[in-house]
Amino acid sequence: MSNRKGLIVIRITAPRMAGLACAVLALSTVFPGTAMATATVAESAGRPKIADVQKALETVARTPGVVGVIGEVYYDGKRIGKGSAGSRLLDGKGGKIPSDARYRIGSQTKQMTATIVMQLVREGKLSLDDKLSEVLPQVAEQDLVEYASDITVRHLITLTSGVPEYLPAAPFDFTTRYTPTQLLEISRKRQRPVEIGTWNYSNTNYLLLGMMIEKVTGHSMAAEFDRRLFGPLKMTDSYLPTKPPQGIKGPHGHGYWTDETGKLRDVDRLNASTLLTAGGVISTARDVSRFQQAFQQGKLLPADLQKVITDPPPGQEPLPAGGPCAGNPELLPGHGGAAPGFSATTYTSSDGRLQYAVSTTVAGREPEREAAMRAVSQSVKAVFCPAS
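Take the sequence shown: its position 73, counting from 1, is numbered 201 in the working numbering, and each next residue is one higher.
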């Protein structure tokens, strides 16, 4: 999508959540039909004019259920705004979260996973038409995935395989190490929601893509993320934990989830073995901005392979244009992710020059988490549509 002269425009979408089954939110470009907030930014003297990020995030922190929120704005790779509001722990304890702290990015991980798979396609190690049973014969031999001989790599990337969801995982189980095979066994016991070729959100698609990465490269998922993305892009604070008790390194915000008795419990130690390549990456505002800049500027994939990730899946309408600021209606979808205790979103311009990365830690369940996401969406207007 092109930008009119003098304007940069961005958009975020927030996929609908249905209990813990949506413990990891979806990459918005392949999850249409979602609620959205939009923003337009006037570019002046080679740099966009933005309002006070700190003030905008203080408004977000006043949302019931929000424990802490951090955010940073980058333009051409340089930070031009930052903010931190709320607290690191519940009830105002623990001090503020550094704006450059690490946090879980949730299903923003999916875009990174898809990028690695597309790089393997570019290298001739995979094909979009390769069948699941050909790449991972064990899933057919062990009957872990129904119709494995009909599902292709393209179906998995576009969420049109019809493979059932393996989540939810128990949010307070911080110690059990699940293997991908065990997670597939959970999925296999569930009823198939749609036929092959029809879009349906399921984290199992990206679990399978992660298994393909390991099979084709001979390296672990985490190693390939390091080698192909984190290292080359100098995403020095990013990593993919894959087993408990791996968590978030350094000072960071804690999220809380309500248990069956109504008590809030700290879920900072979310079980890494249940997230993996569907939603497990831990990163920072700077690092996810680096990834989005490189992705949008075509530094990671050729255009034809990038479009497989960004184009609407078959049968889905493109996301509508529009936004709160007067100006260019041509907007670029953003990317969001969430799980018990947190939500995280990165907004980016279509030319890759501008990013706004935000993380919230939340206390409650879906209503509180969704309220936090709406507040973050509203902060986009506050930051990028400053009064003249």
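Cβ coordinates follow ideal geometry from the N, Cα and C atoms, glycine included.
Residue S277 holds the alpha-carbon nearest to the alpha-carbon of K259 among V249, V245, S277 and E269. Straight-line spacing of the CA atoms in A466 and S235 works out to 7 Å.
Judged by beta-carbon spacing, L361 lies beyond the 7 Å limit of A431, meaning their Cβ atoms are not closer than that value. For K371 and T473, the gap between their C-alpha atoms comes out near 24 Å. Cβ-Cβ separation between F353 and L368: approximately 5 Å, consistent with a contact (criterion under 8 Å).
When DSSP states are grouped into helix, strand and coil, A400 belongs to the helix group.
For L260, the uninterrupted alpha helix (DSSP H) run begins and ends at L260 to V263, by DSSP.
For T488, there is no enclosing alpha helix (DSSP H); the residue is part of the beta strand (DSSP E) that begins and ends at L482 to G492. Between V188 and S505, the CB-CB gap reaches or exceeds 7 Å. Taken through DSSP and simplified to helix, strand or coil, H382 comes out as coil. Counting the other Cβ atoms within 10 Å of the Cβ of E323 gives fewer than 16, which makes it exposed.
By the neighbour-count criterion, in which 16 or more other beta carbons inside 10 Å mark a residue as buried, Q319 falls on the exposed side. Counting along the chain, no beta strand (DSSP E) covers Y334; the unbroken alpha helix (DSSP H) around it starts and ends at T332 to T345. The residue among H382, A500, G492 and L337 with its C-alpha nearest the C-alpha of T237 is L337. In the DSSP assignment, L185 falls within the alpha helix (DSSP H) that extends over V181 to A189. DSSP places E269 within a helical segment (H, G or I) once states are collapsed to three. Pairing R497 with V490 gives a Cβ-Cβ distance under 7 Å. Excluding its 5 nearest sequence neighbours in each direction, P321 has C-beta neighbours in its own chain below 7 Å: G290, P292 and N328, listed in chain order. Per DSSP, the unbroken alpha helix (DSSP H) holding L433 starts and ends at A431 to T438. The closest CA to that of Q483, considering only K509, K427, R418 and S471, is found on R418. For the pair of segments examined, the stretch 295-302 was found to touch the stretch 383-403: the number of CB pairs separated by less than 8 Å reaches three. If the five residues before and after D387 are omitted, its C-beta is found closer than 7 Å to the C-beta atoms of F300 and R393, all from its own chain and listed in chain order. Fewer than three Cβ pairs drawn from the stretch 311-318 and the stretch 408-417 lie within less than 8 Å of each other, which leaves the two stretches out of contact. Within the DSSP secondary-structure output, S212 pairs in a beta bridge with I198. A Cβ-Cβ separation of about 7 Å places G426 in contact with Q434 under the 8 Å criterion. Distance between V263 and A500, taken at the CA atoms: about 40 Å. When only Cα atoms are considered, K224 and S212 end up about 7 Å apart. Nearest to M246 by alpha-carbon distance, out of T288, G492, K391 and V344, is V344. By alpha-carbon distance to R355, the top candidate from M240, Y231 and E200 is M240. Comparing alpha carbon positions, the residue from R250, G443 and V194 closest to G492 is V194. Taking C-beta separations shorter than 6 Å and ignoring five residues to either side along the sequence, the partners of E186 in its chain run A213, following chain order. Rounded to the nearest whole angstrom, the C-alpha separation of P441 and L284 is 11 Å. The shortest CA-to-CA distance from D271 to any of T243, V249, S227 and R316 is the one to R316.
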